[in-house]
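>
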Amino acid sequence: PGLVDVEATGQNNRGNRITEIEHVNGQRGVYVRASLNQGQRLGDATEEVVKVAKMVLPDGVRLELWGDSALSSHVLGSFAGTLTLSVTCMLLVLILPFGRLLEPMVVGLSLPLSIVGAMLALLITQSDFGMISLIGLIFLLGLLDKNALLLMDYVNQLRRAGLSRTEAILETGVVRLRPIIMTTASTILGMLPLALGFGAGAELRQPMAVAIIGGLLTSTLLSLIVVPVLYTLLEDCWLGLLSGIALRASQKSEVRSQK
């Protein structure tokens with residue numbers, strides 16, 4: 647593209663002020679500020695600006711992103727550490743009420759269900775994957791945590807009442823299905839106006855709502871199946887490990903007694 651007159655795309659306001667030369671990190675710089683068009687995504691706008699800058703800027707002049715664009719890039723770079731810290735803190739808190747590692751491990755292994763659904767929703771709707779959508783992913787972790795806790799807590803209650811593990815899991819699926827579906831549906835309906843882009847500035851918050859809705863749909867449906875399966879498999883592995891340790895200890899004690 648050729649050069650475009652600034653007056654064709656912006657406003658030229660003249661005023662009296664002291665002449666000054668701006669510097670950025672010790673080098674001369676010029677600040678160019680812009681706003682997004684209606685329905686335009688931050689990631690797409692940033693990508694287009696970088697592409698055009700590489701074509702028109704002369705040698706010795708470079709583009710440096712500031713504002714929301716730079717903040718979004720920084721958040722994307724540190725998201726893995728933030729997500730790991732959030733999951734770790736959540737699992738440590740869950741150890742206190744349950745008193746063992748089984749339930750927190752089930753919650754931790756079921757968390758990817760929400761992330762997969764959120765990514766698919768962002769991909770299908772072609773929403774921007776940036777800082778706002780990452781906030782939605784963090785929000786999803788707490789929602790999926792709630793569903794898993796509702797299931798496992800009721801399973802433990804029924805088992806303490808005398809039911810077998812299989813009977814408790816089947817009964818929990820029937821009893822807890824309605825409250826889980828109702829809370830999920832209310833959250834999705836509350837996020838729907840944002841996901842549809844209603845209201846001023848909704849295009850900035852739209853990716854967060856899309857990520858939350860997509861994550862809730864997949865995690866709610868799959869958690870009713872995945873959480874009981876993980877609960878059963880991990881408990882069997884744990885009991886098998888304990889029985890193996892006890893068997894080895896008894897064998898060692900028998901060998902010592904024979905000696």
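Plus 646 on top of the position in the sequence shown (first one is 1) and you've got this note's numbering. The C-beta atom is built at its ideal place from N, Cα and C for all residues, glycine as well.
1) Just checking, does the stretch 856 to 868 make contact with the stretch 770 to 786 on the three C-beta pairs under 8 angstroms criterion?
2) Does Arg674 come out as helix, strand or coil in the three-state DSSP assignment?
3) From Leu809 to Ala895, what does the alpha carbon distance come to, in whole angstroms?
4) Roughly how many angstroms lie between the CA atoms of Leu731 and Gly754, to the nearest whole one?
5) Might you give, ordered along the chain, the residues of its own chain that have their beta carbon closer than 8 angstroms to the beta carbon of Ile784, omitting 5 neighbours on each side?
6) Can you find at least 3 beta carbon pairs, one from the stretch 824 to 834 and one from the stretch 881 to 888, that sit closer than 8 angstroms?
7) Could you pull the start and end residues of the alpha helix (DSSP H) that Val707 belongs to?
8) Report buried or exposed for Ala807, applying the criterion of at least 16 other Cβ atoms within 10 angstroms of its Cβ.
9) Check for me: the alpha helix (DSSP H) holding Ser779 runs from which residue to which?
10) Per DSSP, what kind of secondary structure is Phe744 in: helix, strand or coil?
11) Just to confirm my understanding: we take Arg851, look at its own chain, exclude 5 residues before and 5 after, and list those with CB closer than 8 angstroms. What are they?
12) Pick helix, strand or coil for Asp774, following the three-state DSSP scheme.
13) In angstroms with no decimal places, state the Cα-to-Cα distance between Arg811 and Gly836.
14) For Pro647, name the three-state secondary structure that DSSP assigns.
15) Check for me: the alpha helix (DSSP H) holding Gly836 runs from which residue to which?
16) Looking at C-beta atoms only, is the number of pairs between the stretch 761 to 779 and the stretch 739 to 751 that lie closer than 8 angstroms three or more?
17) For Pro647, I'd like the list of residues in its chain whose CB is within less than 6 angstroms of its CB, leaving aside the five on either flank, ordered along the chain.
18) Whole angstroms are fine: how far does the CA of Val752 sit from the CA of Ala794?
19) In chain order, what residues of the same chain lie with their CB nearer than 6 angstroms to the CB of Ser773, ignoring the 5 residues before and after it?
20) Given a threshold of 16 other Cβ atoms within 10 Å of its Cβ, counted over all protein chains shown, does Thr818 qualify as buried or as exposed?
21) For Arg894, does the three-state DSSP call read helix, strand or coil?
22) CB-CB under 7 angstroms to Val762, same chain, minus the five flanking residues each way: which ones, in chain order?
23) Please classify Asp791 as buried or exposed, where buried requires at least 16 other C-beta atoms within 10 Å of its C-beta.
24) From Leu887 to Thr833, what distance separates their C-alpha atoms?
25) Evaluate Val821 with the Cβ neighbour count: other Cβ atoms within 10 Å of its Cβ, from every protein chain shown; 16 or more gives buried, anything less gives exposed.
26) Let me make sure I understand the geometry here. Which of Gly776, Phe775, Met736 has the alpha-carbon closest to that of Leu757?
Straight from the coordinates:
1) Because the criterion of three Cβ pairs below 8 angstroms is met, the stretch 856 to 868 and the stretch 770 to 786 touch.
2) strand
3) 31 angstroms
4) 12 angstroms
5) Thr728, Leu729, Ser732
6) no
7) Val707 -> no alpha helix (DSSP H), and no H or E assigned at all.
8) exposed
9) 777 to 806
10) Residue state, collapsed to three classes: helix.
11) Once the five neighbours on either side are set aside, the close Cβ partners of Arg851 are Ile778, Leu840.
12) coil
13) 36 angstroms
14) Confidence at Pro647 is low in this model, with a pLDDT of 49, below 50, so the placement of that residue should be treated as unreliable; the coordinate-derived value is given next. In this structure, DSSP gives Pro647 a state outside helix and strand, which the three-state scheme calls coil.
15) 811 to 841
16) no
17) The pLDDT assigned to Pro647 is 49, lower than 50, so where the model puts this residue is not dependable, and the model offers no usable value.
18) Rounded to whole angstroms, Ala794 and Val752 show a C-alpha spacing of 8 angstroms.
19) Pro853, Val856
20) buried
21) helix
22) Thr864
23) Taking all protein chains in view, the Cβ of Asp791 is crowded by 16 or more other Cβ atoms within 10 Å, so the residue is classified as buried.
24) Using only the alpha carbons, I get a separation of about 40 angstroms.
25) Around the beta carbon of Val821, fewer than 16 other beta carbons lie within 10 angstroms, which makes this residue exposed.
26) Met736
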